[in-house]
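One structure is given here, and the rest of the page talks about it.
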Amino acid sequence: MTSIRFHYRPPVTGEAGSGTLFIRIIHGRKYRDIRRNYPVNPQDWDFGSHWLRMPTATERERYMCFRQTEESMRADLSRLEDIVKALSKTGNFTVGDVVDGFHKTGNRDTVIAFAGTVARELNAEGRVRTARAYRSAARSIVKFNHGQDMPLCEITAFRLREYERWLLDTGLHMNTVSFYMRNLRALYNRAVASEIIVPAETNPFGNVYTGVYDTRRRSLDRQDINALAGLEKKLPPGDTELRNALLYFLFAYHSRGMSFIDLAYLKKSDIKDGSIIYKRKKTGFYIEVKITRPMKRIIDRFKAATKGSPFLFPIIDPAASDYRLRYESALNRQNRYLKVLAGLAGIEKNISTHVARHTWATLAKRMGYNISLISEGLGHRDTKVTSIYLASFERSALDELSTRMSRAVRAA
142 MTSIRFHYRP PVTGEAGSGT LFIRIIHGRK YRDIRRNYPV NPQDWDFGSH
192 WLRMPTATER ERYMCFRQTE ESMRADLSRL EDIVKALSKT GNFTVGDVVD
242 GFHKTGNRDT VIAFAGTVAR ELNAEGRVRT ARAYRSAARS IVKFNHGQDM
292 PLCEITAFRL REYERWLLDT GLHMNTVSFY MRNLRALYNR AVASEIIVPA
342 ETNPFGNVYT GVYDTRRRSL DRQDINALAG LEKKLPPGDT ELRNALLYFL
392 FAYHSRGMSF IDLAYLKKSD IKDGSIIYKR KKTGFYIEVK ITRPMKRIID
442 RFKAATKGSP FLFPIIDPAA SDYRLRYESA LNRQNRYLKV LAGLAGIEKN
492 ISTHVARHTW ATLAKRMGYN ISLISEGLGH RDTKVTSIYL ASFERSALDE
542 LSTRMSRAVR AA
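Just so we're aligned, residue 142 is where the sequence shown starts under the numbering used here, counting upward by one.
Structure below.
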């Protein structure tokens, strides 16, 4: 006979915060405890039933947090019961065997372990940047969890709000908070899709920040992009690297906001029947872009520099052993050169490689194209992402409207 039951140890007298919740397993007159890091305060525990004191449904926020904790607790008990059943079929077993089985089956159920599994799959697909983002988010929430790996089932609305407050208390910008939350959400959704965890009844990420904060100055207007294009004839003939940086930025714009990483990895074999067909590193989606006259002119400018190379542009050395390292070095140089080019063009905005993408989307919207078409052009999975790109356009258009309306009425 095996007994499996939750127990609770209140915090030491005088100490604030949660106590210790653990599962006690008794078998063969011996017992072992498995600590679980679910946040439970003394007043929320019923010592008689060895279970949570559930708040009423009228306290909706607390009730939903408790429901998610309860789901995680029931999942723990169910897993232990399955382990005991499996061990019983093999004959004699000890309480230590049960605990070992729990930890072994839980290895892929933790944030770090699962992020590692997903990252290896992404690396194999060439999506190194996304893999790195997942690992970074996983390390961050483990740091919040006092350095202990966190079971995926503990990603609850309550814990995420605590995590968000912790991130903000460390002085991080809202966009950084969103970065961690969005990547954790992607991991969580993958775990649900793989049936590693059971999804919560309500979205645990529903009340934490996953947006993009302050995108006001991330795109250029038509005057700015024309000023940059006009620099090509003004740059000294010997300034090859600065000229190349300008051409890369203009090509990214003309190719519907192609990301710099995709531009760097473009191969001559990607050109078919007057179009470029490439796979986005970020999403794995294939995109087909017609080669316009400005794009062809830029490609032709680099023919001599890429002779004998499979790559379309001389950004990555085909003889190098580490393409990723070469790309990252080129990205840093590109962003430095773009700041210089912005100054030469008289643009008082902080320009980076991603600005070409935002600029293409914004100018397309100004020309009257609908968001669905722009979204497809950018290769976005969801028009919500495109709407974030265009948020700055909506604000600037309203600002311009306000100014014009004010000018329409002359001061008395």
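The beta carbon of each residue, even a glycine, is placed where N, CA and C say it ideally should be.
To the nearest angstrom, how far is it from the Cα of residue i to the Cα of residue j?
i, j, result
"H395", "V339", "45 angstroms"
"L485", "Y468", "25 angstroms"
"Y179", "I457", "48 angstroms"
"F285", "M508", "46 angstroms"
"C294", "Y204", "17 angstroms"
"T381", "F299", "54 angstroms"
"Y172", "T258", "33 angstroms"
"T143", "L325", "36 angstroms"
"A405", "E266", "17 angstroms"
"N491", "A483", "8 angstroms"
"R438", "K420", "23 angstroms"
"M85", "I337", "Outside the shown range of the chain (142 to 553) lies residue 85, about which nothing can therefore be said."
"K448", "F320", "40 angstroms"
"S277", "T311", "16 angstroms"
"E373", "Q289", "54 angstroms"
"M195", "A279", "30 angstroms"
Count the other CB atoms within 10 Å of the CB of residue i; is the residue buried (16 or more) or exposed (fewer)?
i, result
"H191", "exposed"
"H168", "buried"
"Q184", "exposed"
"R357", "Model confidence at R357 stands at a pLDDT of 48, short of 50, so the residue's coordinates are unreliable; what they give is reported in the following sentence. Exposed is the call here."
"N316", "exposed"
"D250", "buried"
"A393", "buried"
"F234", "buried"
"R397", "buried"
"A334", "exposed"
What is the DSSP secondary structure of residue i, reduced to helix, strand or coil?
i, result
"S277", "helix"
"F234", "coil"
"T143", "strand"
"F426", "coil"
"I440", "helix"
"P345", "coil"
"F452", "strand"
"D187", "strand"
"S416", "strand"
"T251", "strand"
"P377", "coil"
"T356", "Residue placement at T356 is poorly supported in this model, since its pLDDT is 45, which falls under 50; the coordinates still yield a value, given next. Correct three-state label for T356: coil."
"T311", "coil"
"I167", "strand"
"P292", "strand"
Please report the Cβ distance between residue i and residue j, rounded to the nearest whole angstrom; I am assuming they are in contact, meaning their Cβ atoms lie under 8 angstroms.
i, j, result
"P345", "L308", "Between L308 and P345 the Cβ distance is about 16 angstroms, and since that is not below 8 angstroms, they are no contact."
"K431", "D403", "Wrong, their Cβ atoms sit about 16 angstroms apart, outside the cutoff."
"A332", "F255", "6 angstroms"
"F243", "L221", "6 angstroms"
"D241", "L228", "So it is not a contact: roughly 10 angstroms between Cβ atoms."
"A341", "E212", "6 angstroms"
"S360", "T500", "5 angstroms"
"F163", "D174", "5 angstroms"
"V283", "V252", "6 angstroms"
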